[in-house]
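Q: Mind looking over this structure? Questions follow.
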Amino acid sequence: MRNKNVVSLLILVLGTLGILALTHAQNAPEASEKGKEVYEQSCAHCHGTEGRGDGAAAENLLPQPRDFTRGLYKIRSTESGELPTDQDLFDIITEGMPGSSMPGWETALSANERWEVVAYIKTFHSGFKEREAPPREISLEGKIPFSEESVEIGKGLYTELGCVECHGNVGRGDGTSAPTLTDAWNFQTWPANLTQGWTYRGGSDTEDIFKRFIGGIAGSPMPAFEGDSFLHFGLTSEESKRLTELENMDEMTEADEEASNQFYEKMDEAVNIALNRVEGVELSAAEQQLYDNAMKVVYEKSWHLANYVKSLMPEERPEPAIGNNVLRSQYIQGELPTIDDAAWETSEARYFPLVGQIVVEPRQFNPTIDAVNVKSFYNDTEVVFLFIWDDRTYTTGDETDETTGKPLEDALAVQFPVKVPQGPTAPKPYFLGGGRLPVYLWHWKASAPEQVTELTAKGINAAEVQEVQADLQVKSTYTDGQYKLWVKRALKTEDKKDLQLESGVFVPIAFSAWDGSNGDIDTKRTITSWYTFVLEPVPSSRRFIYPPLIAILSFGLLVGLRAAVQRRNSVS
Amino acid sequence: MKTYLLASLAILLACCSIGTAFAADSDADVEMLVFPDSYTASSVSNGGTISGVVKFEGDMPEMKMLEITKDQAICGATEKYDEALVVGEGNALKNTIVYLIDISQGKDFDKATKLEMDQKGCQFTPHVQIVPVGVRLTMLNSDKVNHNVHIFSSINKPVNKQQTKNRRRMPLAAVKKAEGPVSVKCDIHGWMSAWIAYVPHPYFAVTNEKGEFTLEDVPAGTYKLGYWHEACGSNSESPVSITVEAGGTVTQDFALKLK
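From first to last, the protein sequence lines stand for chains A and B. Residue numbers for the first sequence follow the working numbering, so the first one is 186 and each next one is one higher. Residue numbers for the second sequence follow the working numbering, so the first one is 2 and each next one is one higher.
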């Protein structure tokens, strides 16, 4: 992604200047009035006129808009402790920072304007002016291609280096240190969920990942893993193996002792040279050679680790469950699969992205749950759903919300209409005050993991527990930062307030999710728009397809939201 | 794609809203040490000594016990208390830096002392460490757990480096400029906290459990004597004036209140 940009930039530079400076990234011009103008128009309402990150819009945002005065930049191609290159700043302004409110400016500002603004934001921190030498960049030479073998080695390093402390066993950002992390400005922050490449601030190409853990993410708790962070820095792989053997011995002979001491001396020497280099001491040719050899081992390991991290995520963010990706419950004859049945592996989950609910107070501006993934099967009498979502913490109501006094806990709600709208012109189900029809709801809470409550709702704050509770079977698990919720229900029930299901009919479905540890409570939660699902007709039976309905529902939601914005704006 | 559109709309909405403010602990402005513009090291003969005791004044606050949230076997073996305020017998105040503010000439650093800060039982020792400019501090890891050494410098380059469980000794690059005290944290064990002061001359002392400090080999003259304490603040606005005679000893005690 980043590469593409560099290429198009180079084409631009080449085209306009005709200079063959292929290996050099561009530097920003001198700070100018123009840069200030761009900044004040496009950036200051978030980043503040003085660059302190305290613009008028900053209040609700997490992570907060960056305070430029401290010179802490997350996305750098430079070594730990260094400021970013101009090119880094240009790229991040161009692309924005996914998973935060920092927008990309590729279309809104010309390349020229972006360079001007780069020059201007540098004036907020004196370190840029004072730096004597160009920042040391992380070398991307010797990339090791992706392979299963490489991923396997990387997996070992992920534990050995302690990524697991914050990012968790399989990378979902649920490490044991995750709940207590704060950034350099004392705001709570979460480790990236490494399985969701699209939420990475600085891109999820293997090169991006490589640079992020070698250079660290300044301003965040994420440390740098420079050369000497790696086990036995300065030794070759064979020497390292031998030393490990020695270290694991119960008793050492004098010769063993001698051998291990030599290894330690060699390691000390390499560390000493690495520190000299950071301190700006000129290295002799021999020292440089020794350092390069040591780094070669480290860089190899780092590529393996980057390949492992890359292996944790799908190639792209999944498409939302509309059009070709609509959720189709598969018909099977006989027993429906239980929660841990291998049959679930045979069907691909559908992806329902969540966004923070920001129309009704209390709002959620900083959502932590990305999406709900859903699979489903049905037979002649029942339907079963498997809802899967990532949540970094398992919260069951031990803490309470300060304003309401209610327990904070993880939860999921699945919404259906009580009656399926017949055709595209039928009134749409209730949504945030937009629609007219009541909603049939399944509400699950982490504190009652084997129970789903049926509700009828006529407004976002007007849900009532149904008198008659259908016979729902429920199971759930929480493992490695992921919930799985399994719900089975009869296709037809006696209760008029329940949704009745029929094969081949497209049924609207929507979700709300609460992450207790993120302060989610009541309307402060994450929501999806309305989607549809269908019990996929058994082959040969008639088919009803309502794709337009989906489009209309999504459109209706957008209009509803927009109206809400206008309403609010006209009030204030 | 509509849903992504929606997400951006959500963000747009967020920007024009005036909702609730966050309750982040505002980083209570840390007071800084004051350093001389320049310092020349030379040999000092027949210097004087400044010593004294720092006490805590006011009601003795209760020691704050730290909540150990992980690696219980190693970190939670003994009860741990917040070291931001350690008051001993007779109200002795530990971990106060006492130093000469305006000295421009005096002895050189004692090059023989090893500069080490240990991570032991998931606590930094010492809690306040003086580090001369140009000298490497070695971080020790006596725990068999992963730590990350996070030093929040702003004049010097900030440091945040993983020290894995198998790394006993991790020397850190020397810094070029006087700065501090700067906060040191381990994000993996969020309760771990310490301070480092990068200093340009050797006339700095940190009080011990008895609240005592000593500055030796001070060339005769009149100086401003400063203090700094994490919870009690500093006197850099109105330092004490103190006169040292050749070969003599002067005493200066302090009584500090919570800031």
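By construction, the Cβ of each residue, glycine as well, lies at the ideal position given by its N, Cα and C atoms.
#1: A174 of chain B touches chain A at which residues, Cβ-Cβ below 8 Å?
#2: Rounded to the nearest angstrom, what separates K189 of chain A and D390 of chain A at their Cα positions?
#3: Is the Cβ of L571 of chain A closer than 9 Å to any Cβ of chain B?
#4: Tell me which same chain residues have a C-beta within less than 6 Å of the C-beta of E84 of chain B, skipping the five on either side of it?
#5: Do G360 of chain A and P376 of chain A come within 9 Å of each other at the CB atom, strictly closer than that value?
#6: In chain order, what residues of the same chain have a beta carbon less than 7 Å from the beta carbon of S487 of chain A, not counting five sequence neighbours either side?
#7: Taking buried to mean at least 16 other C-beta atoms within 10 Å of its own C-beta, is V653 of chain A buried or exposed?
#8: Looking at the structure shown, is R397 of chain A part of a helix, part of a strand, or coil, going by DSSP?
#9: For H270 of chain B, name the three-state secondary structure that DSSP assigns.
#10: Count the other C-beta atoms from every protein chain shown that fall within 10 angstroms of the C-beta of K162 of chain B, then say buried if there are 16 or more, exposed otherwise.
#11: What are the boundary residues of the beta strand (DSSP E) that W629 of chain A is part of?
#12: Is DSSP giving I573 of chain A helix, strand or coil here?
#13: Less than 9 Å between CB atoms is the rule here; does P159 of chain B satisfy it with respect to chain A?
#14: List the residues of chain B whose Cβ lies closer than 8 Å to the Cβ of F395 of chain A, in chain order.
#15: Determine the direct distance from the alpha carbon of R427 of chain A to that of V482 of chain A, and round the result to whole angstroms.
#16: Please state whether DSSP places Q654 of chain A in a helix, a strand or coil.
#17: Classify T391 of chain A as helix, strand or coil using the three-state DSSP reduction.
#18: Would you please state the rounded distance, in angstroms, between the beta carbons of A213 of chain A and K307 of chain A? I believe it to be under 8 Å.
#19: Give a yes or no on contact between the stretch 583 to 590 of chain A and the stretch 670 to 686 of chain A, applying the rule of three or more CB pairs nearer than 8 Å.
#20: Please return the same chain residues whose Cβ sits closer than 6 Å to the Cβ of D119 of chain B, not counting the five positions on each side in sequence.
#21: Determine, using beta-carbon pairs with one atom in the stretch 453 to 463 of chain A and one in the stretch 294 to 304 of chain A, whether at least three such pairs fall under 8 Å.
#22: Identify which residue in A:K630, A:P522, A:Q473 and A:L622 has its Cα closest to the Cα of V599 of chain A.
#23: Three-state secondary structure (DSSP) at I51 of chain B?
#24: Beta carbons nearer than 7 Å to chain A: which residues of the stretch 103 to 124 of chain B have them?
#25: Using a Cβ cut-off of 9 Å (strictly closer), state whether D72 of chain B contacts chain A.
#26: What is the rounded straight-line gap between the Cα of P505 of chain A and the Cα of T717 of chain A?
#27: When you check each C-beta in the stretch 376 to 410 of chain A against every C-beta of chain B, which residues fall closer than 8 Å?
#28: Distance, Cα to Cα, A247 of chain B vs P250 of chain A?
#29: Cβ atoms of A232 of chain B and V55 of chain B: under 9 Å apart, would you say?
#30: Where does Q124 of chain B land, buried or exposed, given buried means 16+ other C-beta within 10 angstroms?
#31: Could you pull out every residue in the same chain whose Cβ sits closer than 6 Å to the Cβ of K581 of chain A, ignoring the five residues on either side in sequence?
#32: For T664 of chain A, list the residues DSSP reports as bridge partners.
#33: Just how far apart, CA to CA, sit G701 of chain A and S311 of chain A?
#34: Across which residues does DSSP place I712 of chain A in a beta bridge pair?
#35: For P363 of chain A, which three-state DSSP category applies?
#36: Give the secondary structure of W529 of chain A by DSSP, where H, G and I count as helix, E and B as strand, and everything else as coil.
A: The relevant details are as follows:
#1: Result: L460, V463 and E464.
#2: At K189 of chain A the pLDDT is 46, less than 50, meaning the model places this residue with poor confidence and gives no usable figure here.
#3: Taking Cβ atoms only, chain B never reaches closer than 9 Å to L571 of chain A, which makes this a no.
#4: The answer, listed in chain order, is H128.
#5: yes
#6: So the list reads F395 and I399, once near-sequence residues are dropped.
#7: exposed
#8: helix
#9: This structure gives no information on residue 270 of chain B, because the portion of chain B shown stretches from 2 to 260.
#10: buried
#11: V624 to K630
#12: strand
#13: yes
#14: Within chain B, no residue comes near F395 of chain A; the closest Cβ sits about 16 Å away, beyond 8 Å.
#15: Put simply, the backbone Cα of V482 of chain A is about 15 Å away from that of R427 of chain A.
#16: coil
#17: helix
#18: The Cβ separation is near 7 Å, so the contact holds.
#19: no
#20: T126, L141 and S143
#21: no
#22: A:K630
#23: strand
#24: none
#25: yes
#26: 11 Å
#27: Listed by position along the chain: G401, A403, P406, M407, P408, A409 and F410.
#28: 56 Å
#29: With a cutoff of 9 Å on beta-carbon distance, V55 of chain B and A232 of chain B are scored as not near each other.
#30: buried
#31: For clarity, residue 581 of chain A is Thr in the given sequence; the question names Lys instead. Hits under 6 Å: E594, A631 and S632.
#32: A:Q667
#33: 41 Å
#34: A:V540 and A:S697
#35: The sequence given here has Ala at residue 363 of chain A, not Pro. In the structure shown, A363 of chain A sits in a helix (DSSP, three-state: H, G or I).
#36: helix
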